[in-house]
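Scroll down for the structure; my scribbles are underneath it.
There are 2 protein chains.
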Amino acid sequence: MAQNRTQTDHEVISELTTGRLSVYLRCLSYLESIHQETVSSAELADRFHLNSAQIRKDLACFGEFGTRGVGYNVSRLKEHLIRELGIDRPRNVVIAGAGNLGMALADYGGFNDNGFRIVALVDVDPAKIGRSSRSGIPVLAYSDLKQIVPEQNVEIGIIAVTADAAQEVYESFVGAGLTAILNFAPVQLRAHGQVKLKSVDLRINLELLSFYLKGIEDGTA
Amino acid sequence: MAQNRTQTDHEVISELTTGRLSVYLRCLSYLESIHQETVSSAELADRFHLNSAQIRKDLACFGEFGTRGVGYNVSRLKEHLIRELGIDRPRNVVIAGAGNLGMALADYGGFNDNGFRIVALVDVDPAKIGRSSRSGIPVLAYSDLKQIVPEQNVEIGIIAVTADAAQEVYESFVGAGLTAILNFAPVQLRAHGQVKLKSVDLRINLELLSFYLKGIEDGTA
DNA sequence: GCATGTGAATGGATTCACAGCT
DNA sequence: AGCTGTGAATCCATTCACATGC
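Which chain is which? The protein sequence lines are D and X, in order. Mapping the first sequence onto my numbering, position 103 (from 1) lands on 103, and the numbers just tick up by one. Mapping the second sequence onto my numbering, position 48 (from 1) lands on 48, and the numbers just tick up by one.
Right under this line is the structure:
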């Protein structure tokens with residue numbers, strides 16, 4: 001079948017792997033700040049309760065980066081992951097919905113440094129337009145999305161509106177040319193094939209915990 | 001090996017399955033509001049781009065609930081899932097951190113109806129203590145956690161503080177008797193075995209999108 | 001000696017395909 | 001006929017175990 005390879009000449013990298021790379025990256029930044037020069041897969045493994053072979057496999061996805069008998073060079077590996085994840089140049093982001101959640105995301109530490117730049121929030125509420133978030137990100141008119149995206153070179157859209165408005169925002173994002181969207185509204189969006197959509201569902205996470213609690217209560221204590 | 005069964009007499013239900021049950025539940029609530037009486041696995045399947053066999057397997061985890069040739073009774077299945085997920089009685093929740101994110105979560109639509117009740121936010125900042133969220137959830141002193149949890153019968157804790165304070169909050173939560181914790185801080189927490197911990201990492205999700213964008217740029221267009 | 005990189009083995013989750021009920 | 005429930009088959013992810021190189 002030979003299928004369509006998503007990566008050029010390397011393996012197809014799964015989303016699970018990518019998520020872990022992201023986690024490793026954070027750890028490497030920390031190790032670098034501690035001036036640790038090298039790190040072994042075993043050391044990373046017990047930091048994250050993972051298997052060291054998995055880490056080696058993850059890191060070996062794109063070429064050989066460690067040295068046998070020694071481990072991985074922290075700075076070099078970090079730089080490499082940054083490039084591999086595509087955040088070696090800043091990605092511009094717009095957030096739809098300047099309510100509590102949108103504001104929280106706009107000011108969320110760790111977004112605006114290192115790879116992502118939130119250029120604006122957009123909202124339909126005239127009372128909010130023209131103001132800005134605590135950290136100074138402006139709230140613009142939702143209707144201006146089509147101008148903002150190309151002008152500011154925005155690539156990623158975040159949906160932080162209520163469930164009933166989410167689909168419409170999704171359509172506007174797609175219409176404005178965004179191809180990567182992160183959704184926080186608790187709905188199943190009808191998605192376009194060419195657009196990457198990730199959803200973060202707060203409610204599902206709470207229900208997972210509830211399920212766990214229930215398990216304690218009535219099953220295995 | 002026979003292992004430790006998490007469920008009493010049924011199968012062990014994985015987290016992936018539980019997450020989907022959660023999604024089905026939301027859909028069933030919608031269908032009920034539309035007065036649709038029955039639903040087939042095929043209908044649910046294309047709503048979520050899933051395989052119908054998977055849905056049947058998921059739903060068959062706990063006894064037979066459909067009728068062959070017909071499908072599933074919407075209301076009955078919904079009630080069943082609610083019981084199965086353990087939200088047939090309200091679960092009380094406390095949020096640590098009354099910043100943007102904590103406030104956003106406190107007022108997040110869909111938490112406070114149906115199964116979850118956020119009883120309070122806690123914070124160390126004296127300027128915030130005594131106030132309350134837009135929807136009226138009070139901000140109490142972080143130091144009172146040990147009283148609040150038993151008094152209000154809190155079961156779930158949400159960490160909505162900065163990365164550097166997260167581990168300490170985690171310890172306080174565990175110390176106060178919580179056994180299910182949802183973490184929004186971008187750190188790998190050192191976890192206690194007996195406590196269920198779920199982490200939602202905003203940054204990882206953005207990096208996933210960035211990786212996708214990068215793939216378009218330089219690999220397969 | 002020590003830690004990587006990787007085929008082979010295992011373990012889960014998803015999908016297929018069909019028997020069985022209504 | 002239609003749709004569920006489920007063993008069997010398939011696919012994907014993780015782990016093992018070891019050859020390879022520093």
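Virtual Cβ for every residue (Gly too), placed ideally from N, Cα, C.
State the DSSP-derived secondary structure class of residue i, mapped to helix, strand or coil.
{"i": "P186/X", "result": "coil"}
{"i": "Y72/D", "result": "strand"}
{"i": "T8/X", "result": "For T8/X, the pLDDT reaches just 36, beneath the cut-off of 50, and the residue's location in the model is therefore unreliable, although a value from the coordinates is still provided. Coil."}
{"i": "D218/D", "result": "helix"}
{"i": "A120/D", "result": "strand"}
{"i": "K198/D", "result": "strand"}
{"i": "S172/X", "result": "helix"}
{"i": "A89/X", "result": "One detail in the question is off: residue 89/X reads as Arg in this sequence, not Ala. Reduced to three states, the DSSP call for R89/X is coil."}
{"i": "V23/X", "result": "helix"}
{"i": "I129/D", "result": "coil"}
{"i": "E43/X", "result": "helix"}
{"i": "L59/D", "result": "helix"}
{"i": "T18/X", "result": "helix"}
{"i": "A2/X", "result": "The predicted position of A2/X is uncertain, since its pLDDT is 33 and thus under 50; a value taken from the coordinates is nonetheless stated next. If DSSP states are grouped into helix, strand and coil, A2/X belongs with coil."}
{"i": "G102/D", "result": "helix"}
{"i": "A180/X", "result": "strand"}
{"i": "A224/D", "result": "This structure cannot settle anything about residue 224/D, because the visible part of chain D is limited to 1 through 221."}
{"i": "L208/X", "result": "helix"}
{"i": "V154/D", "result": "strand"}
{"i": "I82/D", "result": "helix"}
{"i": "L145/D", "result": "helix"}
{"i": "L50/D", "result": "coil"}
Report all residues from its chain with a CB closer than 8 Å to the CB of residue i; omit the five preceding and five following residues, and keep chain order.
{"i": "E32/D", "result": "V74, S75, K78"}
{"i": "H10/X", "result": "Its pLDDT being 47, under 50, H10/X is placed unreliably by the model, and the measurement read from it follows with that caveat. Excluding residues within five positions, the ones whose Cβ falls inside 8 Å are C61, F62, G63."}
{"i": "D58/D", "result": "T17, R20, L21, Y24"}
Please go through the same chain and pick out, in chain order, the residues whose beta-carbon is closer than 6 Å to the beta-carbon of residue i, but skip the five residues on each side of it.
{"i": "S52/X", "result": "S41, A42, A45"}
{"i": "R117/X", "result": "P90, N92"}
{"i": "P138/X", "result": "A120, S132"}
{"i": "L81/X", "result": "L21, L25"}
{"i": "S199/D", "result": "N183"}
{"i": "R68/D", "result": "none"}
{"i": "A98/D", "result": "L121, D123, K128, V139"}
{"i": "V187/D", "result": "A163, A166"}
{"i": "R203/D", "result": "P186"}
{"i": "G66/D", "result": "Y72"}
Relative to the C-alpha of residue i, which candidate in the options has its C-alpha closest?
{"i": "K146/D", "options": "L208/D, V122/D, K128/D, L197/D", "result": "V122/D"}
{"i": "D201/X", "options": "A166/X, L213/X, A180/X", "result": "A166/X"}
{"i": "T85/D", "options": "V94/D, G71/D, F62/D, V70/D", "result": "The displayed chain sequence assigns Leu, not Thr, to residue 85/D. The residue with the shortest Cα to Cα distance from L85/D is F62/D."}
{"i": "E15/D", "options": "Q36/X, L208/X, G219/X", "result": "L208/X"}
{"i": "Q54/X", "options": "D218/X, T17/X, V70/X, G175/X", "result": "T17/X"}
{"i": "V23/X", "options": "H49/X, A141/X, Y108/X", "result": "H49/X"}
{"i": "Q194/X", "options": "L59/X, Y30/X, G175/X", "result": "G175/X"}
{"i": "F211/D", "options": "I156/X, F211/X, N205/X, R203/X", "result": "I156/X"}
{"i": "G215/D", "options": "L189/X, R83/X, D125/X", "result": "R83/X"}
{"i": "L206/X", "options": "E217/D, I181/D, G177/D", "result": "I181/D"}
{"i": "E151/D", "options": "G130/D, G177/D, P126/D", "result": "G177/D"}
What distance in whole Å lies between the Cβ atoms of residue j and residue i, which are believed to be in contact at a cut-off of 8 Å?
{"i": "A106/D", "j": "S143/D", "result": "At roughly 19 Å, the Cβ-Cβ gap does not stay under 8 Å, so A106/D and S143/D are not in contact."}
{"i": "L213/D", "j": "T179/X", "result": "7 Å"}
{"i": "A104/D", "j": "V161/D", "result": "The pair is not a contact, with the Cβ atoms about 13 Å apart (cut-off 8 Å)."}
{"i": "V94/X", "j": "V169/X", "result": "Their Cβ separation, rounded to whole angstroms, is 11 Å, which puts V94/X and V169/X out of contact at 8 Å."}
{"i": "A185/D", "j": "I159/D", "result": "5 Å"}
{"i": "L101/D", "j": "Y30/X", "result": "Between Y30/X and L101/D the Cβ distance is about 22 Å, and since that is not below 8 Å, they are no contact."}
Near residue i, what residues of its chain come up, given a Cβ to Cβ distance below 7 Å and the 5 sequence neighbours on each side ignored?
{"i": "G115/D", "result": "I87, P90, R91"}
{"i": "N153/D", "result": "N92"}
{"i": "C27/X", "result": "L44, R47"}
{"i": "A191/X", "result": "L197"}
{"i": "S172/D", "result": "L145"}
{"i": "V70/D", "result": "T38"}
{"i": "R56/D", "result": "S41"}
{"i": "A141/D", "result": "V122, I129"}
{"i": "P126/X", "result": "none"}
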